[in-house]
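Working notes, structure below.
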Amino acid sequence: MVVKRNNPYGPEDGVTRTLKVHGIQNRLINVMLEIRNNLIATEDQQRKVAGMLSGLLQGPLSTLGVQLTNKKRNA
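Written as structure tokens, this is what we have:
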């Protein structure tokens, strides 16, 4: 997996508006992730990426006192 900062856009381009308006102003823990569509085109790919992100976020969230739950959505 290749991970890097979004380019050419950054906070000065307004891409963090949602984080500011809905996250920070409401004192919600937030993060912005952009995932290429071709990496989540199928349900299997979506599960794989969700599992990877869940694993990566568990430690930092736990440090903040937040525990992830494994809730399955019914389509």
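Counting from 195, one number per residue, gives the positions in the sequence shown under my numbering.
Glycine included, C-beta positions come from ideal geometry on N, C-alpha and C.
Euclidean distance between Cα positions of residue i and residue j
i, j, result
"methionine 246", "glutamine 239", "11 Å"
"threonine 212", "glutamate 206", "13 Å"
"valine 215", "isoleucine 223", "12 Å"
"alanine 235", "glycine 253", "27 Å"
"tyrosine 203", "threonine 257", "30 Å"
"valine 225", "leucine 251", "10 Å"
C-beta contact flag for residue i and residue j at 9 Å
i, j, result
"asparagine 220", "valine 209", "no"
"serine 248", "leucine 233", "no"
- [ ] Pick out the complete alpha helix (DSSP H) segments inside the stretch 218-266, 4 residues or longer, and give them in chain order.
- [x] Entirely contained in the stretch 218-266, the alpha helix (DSSP H) runs reaching 4 residues are, in chain order, 237-257.
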